[in-house]
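Take a look at the structure set out below.
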Amino acid sequence: MYTLPNEIISKVFTDLPHPQDYLNLQLTCKSFNAIANFASIRRTFFEKLLTKSRDHIFATTKEKWSEETFKGICAFLESSKIRPAYTDIRLVIQQVPTSHFCNFQFPSNDVKRAILNLFKAQALPTQSAKPLTIPTLDNDVLAQAEYVFYQEATQHMAPRRIFYDVTLKKESGKFARDQHFYAIFHHIDCLVAFDDDLNMHAGIPEYKDEDIISSTAWENLLTAESIEINNMPTVEGSRRIPVGEDAFTCTLEDLPKIEKPKPCLLRTFSNCHVLHDIAKGGLKKGQFFDYVFMYEHEDDDSICMEFCTKDDGAVTPRGYLLMTENNIKWQ
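With our numbering, the residue at position 225 of the sequence shown is 1403, and numbering never jumps.
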């Protein structure tokens, strides 16, 4: 087989039924690895792999794409360099990091809108007549949204939320009150927004408690010798999306919708000094803490900063802050 023309070898790659088969063949030798990494080969593989999913979407929803748009979606997925774990395109899109939405040169707004709408198929509508607010429990509302999709943290990706039909409720940097966005990708430390013309805007969320305002770098809150990224759920619960072969064959309809986000331990800061007095616990500026745990509050979308000391092997909480999103520092 090693003496076969590249055209035949390429056809073998694009006709494989499973990403694992693709990887196994790719690792056979250097020449196969080179062929497997050609963008055109990977794009064709994605197109064949996801055609059944596309046809299912057409049959069960109002969504319709031209062949050119479908090829644009597959080019977007291919260029993200993910190895698809699913055959449902609405699940494959969840593997793509938010940064790729910023860096990819979309060929058209039709492709961009179709890709953004892949998340919307999983979004929850507002549960009442009042739109979802950002943050959820704060009198100083930053924005309102009509739909939200909660994506759980994975081994390779922090939790994120995708909001749709978002309206600012106060002035925010370069944007005036009532600015409307088609969609917003929201991480605790960054934000990517698409306005109604699908122009992309990036920003950094700023959080506030006790008159302390800071990004999640916490440059205005503490110093630390080291930072560990955790992204580990703090509450038990079954995994929404299966893994392995079960994941490859499942579809979006097989999965329950996430009614609310599963809170995560996000960061662990070690050997810290606080830069402010903190009322919750009577903490003083310059005070030392062995650990500061940063995690999502279970009952709302605030970020809890828990200041702890280690005494005789036991980690003891000494104070805390509940940081709620205050504004966006737009870039």
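Note that CB positions come from ideal geometry on N, CA and C, so glycine has one too.
Here the structure is a predicted model, which means the values were calculated and not measured.
Any idea if residue i is buried or exposed, counting beta-carbon neighbours within 10 angstroms, 16 or more meaning buried?
i, result
"M1179", "Residue placement at M1179 is poorly supported in this model, since its pLDDT is 45, which falls under 50; the coordinates still yield a value, given next. The residue is exposed, with fewer than 16 neighbouring Cβ atoms inside 10 Å."
"K1510", "Nothing can be reported for residue 1510, as the shown portion of the chain is limited to 1179 through 1509."
"I1407", "exposed"
"L1310", "buried"
"T1394", "buried"
"N1287", "exposed"
"N1202", "exposed"
"Q1509", "exposed"
"I1186", "exposed"
"K1259", "exposed"
"F1466", "exposed"
"T1247", "buried"
"G1381", "buried"
"H1379", "buried"
"L1205", "exposed"
Can you give the Cα-Cα distance for residue i and residue j, rounded to whole angstroms?
i, j, result
"C1482", "M1472", "6 Å"
"D1193", "K1226", "8 Å"
"A1263", "Q1198", "9 Å"
"N1295", "A1331", "21 Å"
"V1493", "T1487", "6 Å"
"E1503", "Q1300", "24 Å"
"Y1511", "P1303", "The shown model of the chain, from 1179 to 1509, leaves out residue 1511, and the question about it has no answer."
"D1489", "P1337", "32 Å"
"L1399", "I1405", "14 Å"
"L1369", "I1267", "23 Å"
"N1281", "A1217", "17 Å"
"F1485", "S1392", "16 Å"
"P1383", "I1506", "5 Å"
"A1457", "W1396", "17 Å"
"T1229", "F1191", "16 Å"
"T1429", "T1265", "8 Å"
"N1409", "T1446", "10 Å"
"P1495", "C1442", "18 Å"
In three-state terms, what does DSSP make of residue i?
i, result
"G1351", "coil"
"Q1204", "helix"
"H1475", "coil"
"P1197", "helix"
"I1267", "helix"
"I1405", "strand"
"Q1273", "helix"
"E1330", "coil"
"N1184", "helix"
"M1179", "Residue confidence for M1179 is low, a pLDDT of 45 falling below 50, so the modelled location carries little weight; the figure read from the coordinates is stated next. Coil."
"A1323", "strand"
"A1492", "strand"
"T1345", "strand"
"K1507", "strand"
"T1487", "strand"
"T1192", "helix"
"F1466", "strand"
"T1314", "coil"
Legend entry - Start-end ranges of the alpha helix (DSSP H) lying completely within the stretch 1407 to 1456, minimum 4 residues: 1423 to 1427
Inset, instruction - For the stretch 1227 to 1243 and the stretch 1201 to 1211, state whether three or more C-beta atom pairs, one from each stretch, are separated by less than 8 Å. - result: no
Inset, instruction - Mind listing, in chain order, the continuous alpha helix (DSSP H) runs of no fewer than 4 residues lying wholly within the stretch 1281 to 1309? - result: 1287 to 1298
Legend entry - Entirely enclosed beta strand (DSSP E) segments - the stretch 1228 to 1264, minimum 3 residues: none
Inset, instruction - Please list the segments of the beta strand (DSSP E) lying wholly inside the stretch 1353 to 1396, counting only runs of 3 or more residues, in order along the chain. - result: 1358 to 1364, 1369 to 1373, 1378 to 1387, 1390 to 1392
Legend entry - Cβ contact (3+ pairs, closer than 8 Å) linking the stretch 1458 to 1473 and the stretch 1344 to 1363: no
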